[in-house]
Every structure is written in C-alpha cells, then in structure tokens.
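As structure tokens, the structure follows; a few thoughts come after it.
Residue numbers (our numbering): 712 to 1169.
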C-alpha cells in the first residue's frame, strides 16, 4: 500500500512494476498509481475516477480512499472528502495521516472542535511526526490560540532543533502575545536554520522565500529583497516571492520597482490584493542586535536631564512622559539620516521593531526630570514624546442690536468670553556622548521658545 500523495518519480516506478506484472487486466494498484499521477498534476476529477476504479476492485484499499479524499478536498467537495477519510479510518484506525487529513477538512468547515480531536489523535498515533504538530499548530495560530500554537511549535523544535519553519511560526505567535524579544530571537533562529538549508541546497526556492519572510518580519528589508530576488532568479514564476518583494520595495521607498513587481505578479495570474498605500517606511540598513546589546553593557556613567516645551510664553514640563534611551549604532545613524532627509507630513521613517526594542525607558518626574544610570561610555540617543494641553481664552461675537437713543441710531455689539484648551504632541530628541567611564552628563531637551530657549526649562 502507498501512503498519501506519492511523488511523480515513485509513482512512475510503481507503474513500471505493475505493468510488468499484468498488461491485460489492470488491477487496483494500477488505477491507484494512475490516480496519484493525476492528483499530483492537478487533474482532480480524473484522479477521483481512477481512485474510484481502484476502490471498486479493492473496497479495503485504504490509500485510495485517502487520496480520493484529498482530491475531493481540492475540488472543495468537503463532505465527500470527510466521508472518504472516515471510511479509511474505519479500515485502518491506526493511520495518523487519515486523521490529520480529515482534521484539515473540518478546519476548513470551521468545525474546530472536531479538527482538534482528529489532529490530537494523529499526534497520539505518530508522536514523533513533526508534520502533525505543524498542522495542529497552524490551525491554532489561525484561531488566535497563540499559547497552544507555541506549544506545538516548541514540540517540533524539541524533536528537530533545526526545523526552520517552527521557529518562524513560533515567532509569529510570540509577536501576537507581545513577547517581541522572544519573537525576534526566533526569527533569528529561523534565519540561521534556513541559511543551513540553502547551504545544503543552493537552489531551494522555499528556503530563500521563507528566509526572506523572516527578514521581513524583522523589517530588514534589504536582506528580504535579496532573498526574494534569489528565489525569483531560480523560479521566475515564483508569484509569492514577487508579491513579497514588491511589498519590501515599497517599504524602502523603491516605488518604481514595487510597481514593476506588482505588474509582473498580476501578469502571472496572481490574485492577492495590493496592500493599502503605506505612510511608514524603513531604512535598508541592517540592525545588529549584538552591537546594540553590547552598547548597553554595564558601566559607571549616568545621564540626567529635564524635558519641557515652551509655548505661548509658558513652560510645560514633560511630567509623566516616557523618556527612551537608545544606543547609537550604525543602524540608528543611517535611520536618523534617512529620517532627516525623507520624513514629511505624509511620510514617517520608522526604526525596525527589533531596533526599537533595544532601549531603556524611564518616566519623567513632576518637574520633567529623568535619570539614566549604570551606563558605559559611548553615544546615546534620547527620544521623548511630550503630550500636553495649553489653556487659552477667547471672545465670541454673539450679535448686535440697533436702537434709537436720544435721537441717535445706536448699534450695540454683544460678546461672550470663553476658555478653551488645545492639545499638543511634540517629539523631542537629543544625541549625547559619554566619553569616559564615571562621567555624568547633564542635558536639557526642549521644544519651542525661540529666544526664550536661553532660559531653558527654568
């Protein structure tokens, strides 16, 4: 008996064996092989016809039921698909793939309880088969059951620590739970695992594509573009790689290249929708987490400061504002230069989420003062978003009246005084350098004020 969908090469070998045994009278095995060839080629109706002939000749041909169930699934005839997998299970209740395949159809029908039961039974029958954990984990991820999905991907990794896809998918689930540092670490592990796959098989389109996705998840778009391009060079019709490269080009403001890829994707028959125009863009610089981590090594230096905004002759201290300290790395330098050059009213230039995560946050006190300690010598970048409300007074015209007073036509105007507030949001930043260990830098971060800046935040 043959399991699941056989490769074309293996199917061809079986055909030769069967034909040598019987030219005159095809048996169930021959129809099964023919059906599998149709199935692998996407000719699902012909595959169903051949598997049905095999079943007529051998009503207990488990794998014919399995493959016919797969063909019905591809044709979206889901009830028939379930019926075939169920029949196969009744003949061989220890076949994990039958339970797993039936579970996948239940999941398509959104019958998740039944799907969960079948996937779990498949895992019980084949506890070392990582594909079963992938299938259940992917369903759980689609259901937003992130902790449960993480458990399945972690089991895969415990079985095979080099399983690249498990790191990638677990990273996605961790991001959804807000565990960004753990997610970024998994994306890095996925990249390392895909790199080994590429070293073993330099023309592995899927490995290049998936590594590109991992780089994209880290918002390292230059590396993502390189991997999607490698996949496309191997397979010029790799639609998903073309689609994702277009997204990466757009994220790095390479708009003409993005348009060319979107046009190429459509010409190849791609149907995924074009994303909404973005307003946030990224540098092509590569973030080095090790360099950022090293820059935050423990030292004996400190930075203390005060943050305020001068507006309308008044000083607004950044009470309760979050003050963020970033190590200045080559990545941050490139990002800052790009932002100064390209940012505008309708265009924001972002750091990658991973780069943003390498920071120290403190909360400014009632006077807008903050303090960072245990720092080592080096360059640092301080960023504060200061939100405050200013109070104002105004006078509204409420109309007028005209009357004759002592023979003179007199007009009286009526006004009403009122108070109102205006909300403000300022981004205040400063580069600071600590030159020697033990040094304490004192800084003032202030927005606005004109000549009043001479007074600082006092």
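C-beta atoms are modelled at their ideal positions from N, C-alpha and C, and glycine is treated no differently.
Unbroken stretches of the alpha helix (DSSP H), 4 residues or longer, contained in the stretch 802-844:
807-819, 823-836
Whose CA, out of 781, 1135, 1073, 1150, lies closest to the CA of residue 747?
781
Whose CA, out of 986, 739, 802, 1118, lies closest to the CA of residue 767?
739
What would DSSP say about residue 1050, mapped onto helix, strand or coil?
helix
With a 10 Å radius around its C-beta and 16 neighbouring C-beta atoms as the bar for buried, classify residue 1169 as buried or exposed.
exposed
Backbone CA spacing between residue 1173 and residue 1139 [nearest angstrom]
One cannot answer for residue 1173 here, as it falls past the ends of the chain, which runs 712 to 1169.
Using alpha carbons as the reference points, say which of 845, 1153, 949 lies closest to residue 874.
845
Measure from the alpha carbon of residue 981 to the alpha carbon of each residue in 953, 869, 1083, 862, then state which is nearest.
953
So which of 802, 865, 1136, 977 has the shortest CA-CA distance to residue 1032?
1136
Segments assigned beta strand (DSSP E), at least 3 residues, entirely inside the stretch 961-1019
991-993
Would you mind giving the Cβ-Cβ distance between residue 1039 and residue 1142, rounded to the nearest angstrom? I have them listed as a contact below 8 Å.
7 Å
CA-to-CA distance, residue 1024 to residue 1131, given in whole angstroms
17 Å
Apart from the five residues just before and just after residue 1163, which ones in its own chain have a Cβ nearer than 8 Å to its Cβ?
Its pLDDT being 42, under 50, residue 1163 is placed unreliably by the model, and nothing is read from it.
Residue 921 to residue 905 span [Cα, whole Å]:
8 Å
What did DSSP end up calling residue 784 once you bin it into helix, strand or coil?
helix
Taking C-alpha atoms, which residue in 918, 778, 960, 913 lies nearest to residue 936?
960
Going by DSSP, which residues form a beta bridge with residue 1099?
1135
Going by C-alpha to C-alpha distance, which of 754, 1148, 1083 sits closest to residue 1071?
1083
C-alpha distance - residue 828 paired with residue 799, whole-angstrom precision:
17 Å
If we call anything under 9 Å between Cβ atoms a contact, is residue 1049 one with residue 1145?
no
Could you tell me if residue 1058 is buried or exposed, where buried requires 16 or more neighbouring beta carbons within 10 angstroms of its beta carbon?
exposed
Residues that DSSP places opposite residue 1082 in a beta bridge
1015
Would you call the stretch 883-894 and the stretch 913-920 in contact, with 3 or more CB pairs under 8 Å?
no
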